[in-house]
Ligand SMILES: [Zn+2]
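In our numbering, the protein residues as written are 145 to 571.
Structural data, given as structure tokens:
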């Protein structure tokens with residue numbers, strides 16, 4: 145699909161569709177009667193759109209009218225790494241460990257060219273677009289020899305794709321970088337492209353130097369009006385040590401810009417009361433969390449001879465209960481950190497459910513995949529389906545969540561020496 149396609153022309157499309165919509169995502173006119181929700185939290189509506197915008201949804205009356213489609217808004221992946229996507233085959237990490245991933249990543253980084261990063265990013269964006277993604281936030285390895293070509297490629301992609309996918313860039317560097325003489329130049333570049341300052345806060349780092357580095361970062365981001373998005377507590381040791389340091393730094397140095405905590409995995413290892421108090425402090429500091437369950441489940445608590453029963457990952461429900469906004473995102477796709485992934489938000493939803501036990505038919509079970517990431521990226525549209533929203537939807541055949549959640553990878557099957565027709569149809 146190119147920018148010349150009719151679907152890309154602003155205000156061009158009109159049409160209609162009867163569909164089941166998650167009731168929590170319906171934005172009906174005030175004064176309209178309460179929609180009837182079925183046992184799966186779905187409401188049947190007639191959707192209409194004109195010149196690229198939705199008109200007010202009209203509730204239908206099942207079982208008299210029973211739509212054969214489910215609809216979600218086009219979705220948002222709030223944490224990806226487009227610069228390293230699809231590098232697993234050239235830089236695999238057969239040990240499956242965090243350290244193995246880091247080493248392979250560093251080797252790959254030294255080989256980067258702008259063309260290679262552009263090509264991988266283009267492949268990623270194309271896949272994401274076809275799967276129904278409308279916005280992404282990518283972290284970019286921003287120190288060392290691969291930094292310049294990576295940024296040049298991603299900034300070009302941000303422009304080339306701006307009509308199809310809104311792309312935000314985060315400068316991922318060691319925390320101490322923001323105290324160096326090169327920090328200002330990179331931070332200004334990030335601010336100019338509407339991005340965020342990033343970094344890694346992994347314990348054990350409870351030193352005075354780390355505290356200073358955090359405060360320098362907070363002040364710099366606040367001065368330039370840049371959001372912050374940190375890889376924090378991605379581990380199984382020293383539960384929440386990074387989060388406590390961040391809260392202390394924010395106590396000394398409060399900021400007006402949004403602060404996002406990606407991973408927050410080791411928080412799950414805190415005893416319940418300490419976690420509850422921490423979540424309260426995080427809500428008070430307006431911290432928001434992006435949970436990345438697939439990469440965490442793959443890398444963390446790995447043991448050579450045992451299947452781990454304790455799985456460090458962001459404690460989504462406990463955080464939500466205290467008012468912390470949590471999104472779920474894809475993180476790595478076919479890179480040394482995780483060999484799977486697909487940039488398909490529905491595959492991510494399906495894969496996440498058994499890891500998190502979120503119930504998508506509940507408002508807070510679905511928000512991490514819909515409205516929360518839209519709000520974290522400060523997008524104009526929150527993802528709710530109502531009059532005036534963009535006509536940007538994902539349609540799936542079916543009338544049940546189960547139709548949406550059953551993954552169906554494309555495959556070919558050989559039977560008795562004959563290829564039978566290709567099966568599977570996602571997207
Ligand atoms: Zn990441």
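Ideal Cβ positions, reconstructed from N, Cα and C, are used throughout, including at glycine.
Computed from a predicted structure; not experimentally measured.
Proximity test, residue i beta-carbon vs ligand 3 heavy atom, cut-off 6 Å
{"i": "residue 543", "result": "Ligand 3 is not part of the structure shown, which contains ligand 1 as its ligands."}
Residue i beta carbon near ligand 1 (any heavy atom closer than 6 Å)
{"i": "residue 304", "result": "no"}
{"i": "residue 475", "result": "yes"}
Residue i in three-state terms, based on DSSP
{"i": "residue 459", "result": "coil"}
{"i": "residue 310", "result": "strand"}
{"i": "residue 501", "result": "coil"}
{"i": "residue 219", "result": "strand"}
{"i": "residue 253", "result": "helix"}
{"i": "residue 550", "result": "coil"}
{"i": "residue 316", "result": "strand"}
{"i": "residue 157", "result": "coil"}
{"i": "residue 354", "result": "helix"}
{"i": "residue 381", "result": "coil"}
{"i": "residue 295", "result": "helix"}
{"i": "residue 487", "result": "coil"}
{"i": "residue 230", "result": "coil"}
{"i": "residue 322", "result": "helix"}
{"i": "residue 477", "result": "coil"}
{"i": "residue 367", "result": "helix"}
{"i": "residue 248", "result": "helix"}
{"i": "residue 447", "result": "strand"}
{"i": "residue 178", "result": "coil"}
{"i": "residue 173", "result": "coil"}
{"i": "residue 261", "result": "helix"}
{"i": "residue 454", "result": "coil"}
{"i": "residue 472", "result": "strand"}
{"i": "residue 241", "result": "coil"}
{"i": "residue 338", "result": "coil"}
{"i": "residue 209", "result": "coil"}
{"i": "residue 386", "result": "helix"}
{"i": "residue 466", "result": "coil"}
{"i": "residue 570", "result": "For residue 570, the predicted model reports a pLDDT of 46, less than 50, meaning its position is unreliable and no value from the coordinates is stated."}
Residues bridged to residue i (per DSSP)
{"i": "residue 374", "result": "343 and 405"}
{"i": "residue 165", "result": "187"}
{"i": "residue 564", "result": "557"}
{"i": "residue 331", "result": "Beta-bridge pairing links residue 331 to no other residue."}
{"i": "residue 280", "result": "221 and 311"}
{"i": "residue 202", "result": "190"}
{"i": "residue 214", "result": "164 and 540"}
{"i": "residue 104", "result": "The displayed coordinates of the chain run from 145 to 571. Any statement about residue 104 would go beyond what the structure contains."}
{"i": "residue 197", "result": "194 and 534"}
{"i": "residue 572", "result": "The first residue shown for the chain is 145 and the last is 571, placing residue 572 beyond what the model contains."}
Cβ-Cβ separation, residue j to residue i (assumed contact under 8 Å), whole Å
{"i": "residue 334", "j": "residue 341", "result": "6 Å"}
{"i": "residue 519", "j": "residue 469", "result": "7 Å"}
{"i": "residue 420", "j": "residue 366", "result": "In fact, because the Cβ distance is near 29 Å, the residues do not count as touching under 8 Å."}
{"i": "residue 537", "j": "residue 217", "result": "6 Å"}
{"i": "residue 427", "j": "residue 393", "result": "With a Cβ gap of about 17 Å, residue 427 and residue 393 do not count as contacting."}
{"i": "residue 258", "j": "residue 285", "result": "Not really, about 14 Å apart at Cβ, beyond 8 Å."}
{"i": "residue 219", "j": "residue 513", "result": "6 Å"}
{"i": "residue 377", "j": "residue 407", "result": "6 Å"}
{"i": "residue 343", "j": "residue 364", "result": "Wrong, their Cβ atoms sit about 11 Å apart, outside the cutoff."}
{"i": "residue 215", "j": "residue 163", "result": "4 Å"}
{"i": "residue 226", "j": "residue 265", "result": "4 Å"}
{"i": "residue 271", "j": "residue 222", "result": "The Cβ separation is near 17 Å, so there is no contact."}
{"i": "residue 254", "j": "residue 237", "result": "Not a contact, Cβ separation roughly 16 Å."}
{"i": "residue 185", "j": "residue 505", "result": "3 Å"}
{"i": "residue 198", "j": "residue 530", "result": "7 Å"}
Cutoff 7 Å: residue i Cβ touching any chain C Cβ
{"i": "residue 402", "result": "Absence of chain C from the displayed structure is noted, only one protein chain being present."}
* To do: With a floor of 3 residues, list each beta strand (DSSP E) that falls wholly inside the stretch 503-545, ordered by position along the chain.
  => Within the stretch 503-545, the runs of beta strand (DSSP E) that reach at least 3 residues and sit entirely inside it are, in chain order, 537-541.
* To do: Output the residue ranges of the beta strand (DSSP E) runs that lie fully inside the stretch 390-445 and measure 3 residues or longer, sorted by chain position.
  => Taken in chain order, the whole beta strand (DSSP E) runs of length 3 or more contained in the stretch 390-445 are 403-407 and 432-435.
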